[in-house]
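In what follows, a structure is listed as structure tokens, so that the remarks can point back to it.
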Amino acid sequence: SQQMVPRFLLFAAAVSAAWALGPPVIPVAEYVCDGMVSLTFQGTQVECGTEIPLSNTSTQPTISYQNATPGLLYTLIIVDRDALSMASPIYSPIMHFVVSNVTGEELAAGLDTTDALNPFLAYSRPMPPVAAGCHRYYIHLYLQSSTVSPNLKHIQPADVADRITWDFPQWAANQSLTKLAVNFFTTQNPTNSTGPCSPPAPAAPACP
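To convert, take the position in the sequence shown, counting from 1, and add 717; that gives this note's numbering.
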């Protein structure tokens, strides 16, 4: 339609510009997983690399942090490290969830991301391309020093051009956030899958 053409052209231009600039250089330290922030999909708890079936990621996760302090405020983000793929992450990091001013009480009890108030980006489910292999999705938990009003417009999940190549460490620094915990899960498009994202844990040795 006539209305869709300009939107498509704007999207293509934004993606082309991001591709030309290249993805931001994110220090590897930003992706070191400690597993201290808990992420659960349909009863499956994520533990630094747990593979979640793609179909299960359509249900929004529950996030909790046992060390959350009542009265303090927190920011949560989820990003895809591997778009288009691990071998060619030209669009990464892609933002998939951004919410600030989460209370310590909410985190301690377990925040259903469906109930997150006024997120800057509502949860956008993973959509790794066919034959792109496994993608790693990282959740970062930050402590706020005060109420945050990020310089980030409210983005819709469909606005892919606004979500790609996001320099989230710089954004967090601009908001004076302190990183507290990191976790991540993996998933992949089941079409043309070559196997599990990570090898199964070795079996415990038999008792002598």
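Glycine is no exception: its CB is placed at the ideal position from the N, C-alpha and C atoms. What you are looking at is a predicted structure, and each value in this text was computed from that prediction instead of being measured.
> What number of angstroms, rounded off, separates the C-alpha of Ile795 from the C-alpha of Thr908?
Replying inline: 24 angstroms
>> Does Glu764 pass the burial test, meaning 16 or more other C-beta atoms within 10 Å, or should it be called exposed?
In response: exposed
> Which residues in the same chain as Gly766 place their Cβ atom closer than 8 angstroms to its Cβ, once the five residues preceding and following it in sequence are excluded?
Replying inline: Cys750, Arg853, Phe901, Phe902, Thr903, Cys914 and Ser915
> Closest to Tyr855 by CA distance: which of Gly760, Glu768 and Asn784 is it?
Replying inline: Glu768
>> Just list the residues that DSSP pairs His857 with in beta bridges.
In response: Ile794 and Val899
> What number of angstroms, rounded off, separates the C-alpha of Tyr859 from the C-alpha of Ser893?
Replying inline: 10 angstroms
> Out of curiosity, what's the CA-to-CA distance linking Tyr782 and Arg798?
Replying inline: 22 angstroms
> When DSSP labels each residue in this structure, what does Ser781 get in the three-state scheme?
Replying inline: strand
>> With H, G and I counted as helix, E and B as strand and the rest as coil, what does DSSP make of Glu764?
In response: coil
> Leu828 by DSSP, collapsed to three states: which one?
Replying inline: strand
>> Give me the residue from Tyr748, Pro810, Gly788 and Thr761 with the minimum Cα distance to Thr864.
In response: Gly788
>> What does the alpha-carbon distance come out to for the pair Ser718 and Ala800?
In response: For Ser718, the predicted model reports a pLDDT of 41, less than 50, meaning its position is unreliable; a value from the coordinates is still stated below. Using only the alpha carbons, I get a separation of about 29 angstroms.
> For Met753, which residues of its own chain have a beta-carbon under 6 angstroms away from its beta-carbon, when the five flanking residues on both sides are left out?
Replying inline: Ala898
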